[in-house]
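Asker: In this text, residue positions in the sequence shown follow this note's numbering: the first is 6, and each later residue adds one. Heads up, the beta-carbon is just placed ideally off N, CA and C, and yes, glycines get one too. Keep in mind the model is a prediction, meaning the values are calculated, not measured. Dropping the structure in here first, questions after.
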Amino acid sequence: MRRSKYDQSSLPMKGGKDMDKDDNISEIENRVEFDAELVNLANQIEDIKTAIQELRQVKTFVDGSVSTFEESAQALKAAVKASNNISDAICRIFMQVENTVITVKLSEEDKSILAESRHKLIEEEKSLFEKQIIELKTLHINHWKAVQNLIKSEAGFYFTGWFAKVIGVSYLVLYIACIIMFFLLIK
């Protein structure tokens with residue numbers, strides 16, 4: 006069985022008095038070690054008490070932070086609800102405005118000014134459309150002239166003339182070669 010270094014029980018004696026001196030020395034050493042360990046343990050207990058005190062302060066700070074966070078969350082929820090109420094109120098106002106019937110009574114002079122303005126607007130739109138149609142026609146004519154010049158110059162990529170014939174013959178030869186290869190692979 007193992008013995009603790011602080012165990013006070015006597016060890017079996019080998020030679021009598023020498024063993025007693027050794028035992029006394031070892032008891033004194035054990036007592037000194039025990040006292041040192043006791044002081045060390047007391048210091049550790051004080052350190053633990055200090056740490057516990059600091060942890061209590063941190064806990065108090067954290068509790069305060071949590072309560073502040075909860076209060077700010079409640080304030081944020083209230084702000085969101087208030088903003089929703091504002092947007093709902095604005096929507097209701099727009100719906101009421103849209104559903105409101107406005108009656109305007111115009112005098113004969115106002116009616117004639119309105120008719121004259123409407124007639125003037127229609128005439129201006131007609132002239133604008135006519136100008137746009139003329140511009141589009143000239144643009145179309147110029148485009149087709151450019152295309153005709155390109156075709157006549159044979160400078161573009163198109164399938165007319167000798168180039169189309171070469172491509173058609175090449176395609177026909179490749180097609181026949183593919184069919185022959187297919188039948189050879191099947192056999």
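Measuring CB to CB, does L111 end up less than 8 Å from L119?
Answerer: To locate residue 111, count along the sequence shown from 1; it is residue 106. To locate residue 119, count along the sequence shown from 1; it is residue 114. Cβ distance < 8 Å, so L111 and L119 count as in contact.
Asker: Can you give the Cα-Cα distance for L189 and V174, rounded to whole angstroms?
Answerer: Residue 189 sits at position 184 when you count from the first residue of the sequence shown. Residue 174 sits at position 169 when you count from the first residue of the sequence shown. So the two alpha carbons sit approximately 23 Å from each other.
Asker: Quick one: Cα of R61 to Cα of D52, how far?
Answerer: Start at 1 with the first residue of the sequence shown, and residue 61 comes out as number 56. Start at 1 with the first residue of the sequence shown, and residue 52 comes out as number 47. Each residue's Cα considered, the two are about 14 Å apart.
Asker: Can you give me the C-alpha to C-alpha distance between E32 and E59, rounded to a whole angstrom?
Answerer: Residue mapping note: residue 32 aligns to position 27 of the sequence shown, counting from 1. Residue mapping note: residue 59 aligns to position 54 of the sequence shown, counting from 1. Distance between the alpha carbons of E32 and E59: 40 Å.
Asker: If you draw a straight line from the alpha carbon of I36 to that of N29, how long is it in whole angstroms?
Answerer: As a position in the sequence shown, residue 36 is number 31, starting the count at 1. As a position in the sequence shown, residue 29 is number 24, starting the count at 1. Checking the displayed sequence, the identity of residue 36 turns out to be Arg instead of Ile. Rounded to the nearest angstrom, the two C-alpha atoms are 10 Å apart.
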